[in-house]
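Student:
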Amino acid sequence: MFWYLLLLTVAICLPGIYFMFQTEKKMPNNDEISDKERLVAHFAIVVLFGAIGAFAVPKVDIIPLEFNVYSILKYGLIFGVICSVGNLVLYYFYLLKSITTKDYLEIEKHYHNIGILSRILYAGFVEEIMFRWGIMSFILWLLQFAFKPLTITAVVIAIGISSILFSLVHLPSIKMVSTEPKPAMYVYTILGNIWVGVFAGWAFLEAGIFAAIIVHILFHLLWYPIQKMEQKKHQSVA
Numbered sequence: 001m002f003w004y005l006l007l008l009t010v011a012i013c014l015p016g017i018y019f020m021f022q023t024e025k026k027m028p029n030n031d032e033i034s035d036k037e038r039l040v041a042h043f044a045i046v047v048l049f050g051a052i053g054a055f056a057v058p059k060v061d062i063i064p065l066e067f068n069v070y071s072i073l074k075y076g077l078i079f080g081v082i083c084s085v086g087n088l089v090l091y092y093f094y095l096l097k098s099i100t101t102k103d104y105l106e107i108e109k110h111y112h113n114i115g116i117l118s119r120i121l122y123a124g125f126v127e128e129i130m131f132r133w134g135i136m137s138f139i140l141w142l143l144q145f146a147f148k149p150l151t152i153t154a155v156v157i158a159i160g161i162s163s164i165l166f167s168l169v170h171l172p173s174i175k176m177v178s179t180e181p182k183p184a185m186y187v188y189t190i191l192g193n194i195w196v197g198v199f200a201g202w203a204f205l206e207a208g209i210f211a212a213i214i215v216h217i218l219f220h221l222l223w224y225p226i227q228k229m230e231q232k233k234h235q236s237v238a
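Just so we're aligned: 179 in UniProt numbering is position 179 of the sequence shown, and the numbers increase by one with no gaps anywhere.
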């Protein structure tokens, strides 16, 4: 079971690694890391967290392992839509009202440079393998020693910790995106990613990792056309 789950998680992450690797090659390299080192790092991350999840998930009874298409689509789509709407409200009605047009254009340029395929396939698959499949399942496995059986408190702790970690790893990217980071950018990054983490974590417990992946993918898919429309508005004004 361990090797099957590990190979499966690595396999589903390969497209995301490929597209993110291609994206990174086009971006300025300010940290003197070679393309080969970047590629190895991506694989190492996937193998590490894939292995952690392959170990922990079968040992946590409340995490579904079966591939139930109905449940995956049900929780993935419902939680994905709710997650997306909440994040879009936070982005357009809080962040954009707290930053300048220059800041906004820098943020949108960053998303454009990453590309929708990298956002969907890397964020949707690789990040979910890291934070839900790997970290969240491992926390639940550890909490089983304190909570027998696992209680709602344990679930909240696991979702909370994994979501907070998920938000924190996105903070360094703010300085890559904006030449003059604003406090609102940090607030949005923390709250927005915790919000995604909560719904992805909830979907993970209801229907497994593929439901969590759908939640994450749907967030980017629903946001993308809105970003394109807003981009055209700014271009027409300019």
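Positions of the beta carbon are idealized from the N, C-alpha and C atoms, including for glycine. Owing to the predicted nature of the structure, the values given are computational and were not obtained by experimental measurement.
Could you tell me the distance, in whole angstroms, from the CA atom of L65 to the CA atom of K97?
Tutor: Residue mapping note: residue 65 aligns to position 65 of the sequence shown, counting from 1. Residue mapping note: residue 97 aligns to position 97 of the sequence shown, counting from 1. Those two C-alpha atoms are separated by around 43 angstroms.
Student: Quick check on H42: buried or exposed, where buried means 16 or more other Cβ atoms within 10 Å of its Cβ?
Tutor: Walking along the sequence shown from the start, residue 42 turns up at place 42. Burial call: buried.
Student: Within a Cβ cutoff of 6 angstroms, which residues of the same chain sit near F166, ignoring the five residues on either side of it in sequence?
Tutor: Here residue 166 refers to the residue found at position 166 of the sequence shown. Closer than 6 angstroms at Cβ, skipping near neighbours: F131, N193 and G197.
Student: By the three-class DSSP mapping on this structure, what secondary structure does K182 have?
Tutor: Sequence index remark: in the sequence shown, residue 182 carries index 182 (1-based). K182 falls in the coil class under three-state DSSP.
Student: Label L95 either buried or exposed according to how many other C-beta atoms from any shown protein chain fall within 10 Å of its C-beta, with 16 as the threshold for buried.
Tutor: On the sequence shown, residue 95 is found 95 positions in, with the first residue counted as 1. The residue is buried, with at least 16 neighbouring Cβ atoms inside 10 Å.
Student: Applying the 10 Å Cβ sphere with the 16-neighbour rule, what's the burial state of M136?
Tutor: Position 136 of the sequence shown, counting from 1, holds the residue named residue 136. Buried.
Student: May I ask which residues mark the beginning and end of the alpha helix (DSSP H) holding P15?
Tutor: As a position in the sequence shown, residue 15 is number 15, starting the count at 1. That run of the alpha helix (DSSP H) goes F2 to K26.
Student: Please classify D35 as buried or exposed, where buried requires at least 16 neighbouring CB atoms within 10 angstroms.
Tutor: Walking along the sequence shown from the start, residue 35 turns up at place 35. Result: exposed.
Student: Following a CB-centred definition, is F19 positioned closer than 7 angstroms to any heavy atom of the ligand PLP?
Tutor: Although the ligand PLP was asked about, the structure shown includes no ligands whatsoever.
Student: To the nearest angstrom, how far is the alpha carbon of F82 from that of K109?
Tutor: Translated into positions along the sequence shown, residue 82 becomes position 82. Translated into positions along the sequence shown, residue 109 becomes position 109. Going by the sequence as given, residue 82 is Ile instead of Phe. Taking the straight line from one Cα to the other gives about 26 angstroms.
Student: Can you give me the C-alpha to C-alpha distance between L6 and F67, rounded to a whole angstrom?
Tutor: Here residue 6 is taken as the residue at index 6 of the sequence shown, counted from 1. Here residue 67 is taken as the residue at index 67 of the sequence shown, counted from 1. Roughly 16 angstroms between the two C-alpha positions.
Student: Do the CB positions of G215 and F79 come within less than 8 angstroms of each other?
Tutor: On the sequence shown, residue 215 is found 215 positions in, with the first residue counted as 1. On the sequence shown, residue 79 is found 79 positions in, with the first residue counted as 1. Going by the sequence as given, residue 215 is Val instead of Gly. Taking 8 angstroms as the Cβ cut-off, V215 and F79 qualify as a contacting pair.
Student: Hey, out of E206, I217 and L168, whose CA is closest to Y186's CA?
Tutor: Numbered from 1 along the sequence shown, position 186 holds the residue referred to as residue 186. Comparing Cα-Cα distances from Y186 to each of E206, I217 and L168, the minimum goes to L168.
Student: Suppose the cutoff is 8 angstroms on Cβ atoms and the five residues either side in sequence are ignored; what does the same chain contact list for I45 look like?
Tutor: The sequence position of residue 45 within the sequence shown is 45, counting from 1. Result list for I45: V126 and M130, in chain order.
Student: Give every residue of the same chain whose Cβ lies closer than 6 angstroms to the Cβ of Y70, excluding the five residues on either side of it in the sequence, and list them in chain order.
Tutor: Looking up residue 70 in the sequence shown gives position 70. Excluding sequence neighbours, Y70 sits near nothing in its chain.
Student: Could you tell me whether the region 141 to 158 touches the region 53 to 65, where touching means 3 or more Cβ pairs closer than 8 angstroms?
Tutor: Yes, the region 141 to 158 touches the region 53 to 65.
Student: Give me the Cβ distance between G134 and G53, rounded to the nearest whole Å; I'm assuming they're in contact under 8 angstroms.
Tutor: On the sequence shown, residue 134 is found 134 positions in, with the first residue counted as 1. On the sequence shown, residue 53 is found 53 positions in, with the first residue counted as 1. Yes, they are in contact, since the Cβ atoms of G134 and G53 sit about 5 angstroms apart, within 8 angstroms.
Student: Which class does I78 belong to by DSSP, given the choice of helix, strand or coil?
Tutor: What you label residue 78 is simply residue 78 of the sequence shown in a count that begins at 1. It is helical.
Student: Can you find the residues in the same chain that come closer than 6 angstroms, C-beta to C-beta, to E128, ignoring five residues on each side of it along the sequence?
Tutor: If you number the sequence shown from 1, residue 128 lands on position 128. The answer, listed in chain order, is A212, I213 and H216.
Student: What did DSSP end up calling T153 once you bin it into helix, strand or coil?
Tutor: Working through the sequence shown from its first residue, we reach residue 153 at position 153. Helix.
Student: Which of the three DSSP states is assigned to E230 in this structure?
Tutor: Your numbering for residue 230 matches position 230 in the sequence shown. Reduced to three states, the DSSP call for E230 is helix.
Student: Let me check understanding here. Comparing Cα to Cα, which of K228, S162 and W202 lies closest to I72?
Tutor: Here the question's residue 72 lines up with position 72 in the sequence shown. Checking every option, the nearest Cα to that of I72 belongs to W202.
Student: Who are the near neighbours of I114 in its chain, counting only those whose CB is closer than 7 angstroms to its CB and skipping five residues on each side?
Tutor: Position 114 of the sequence shown, counted from the first residue, corresponds to residue 114. Result list for I114: T23, in chain order.
Student: For the alpha helix (DSSP H) containing A44, list its first residue and its last residue.
Tutor: For this step, residue 44 is matched to residue 44 along the sequence shown. Looking at the DSSP string, the run of the alpha helix (DSSP H) that includes A44 is D35 to A56.
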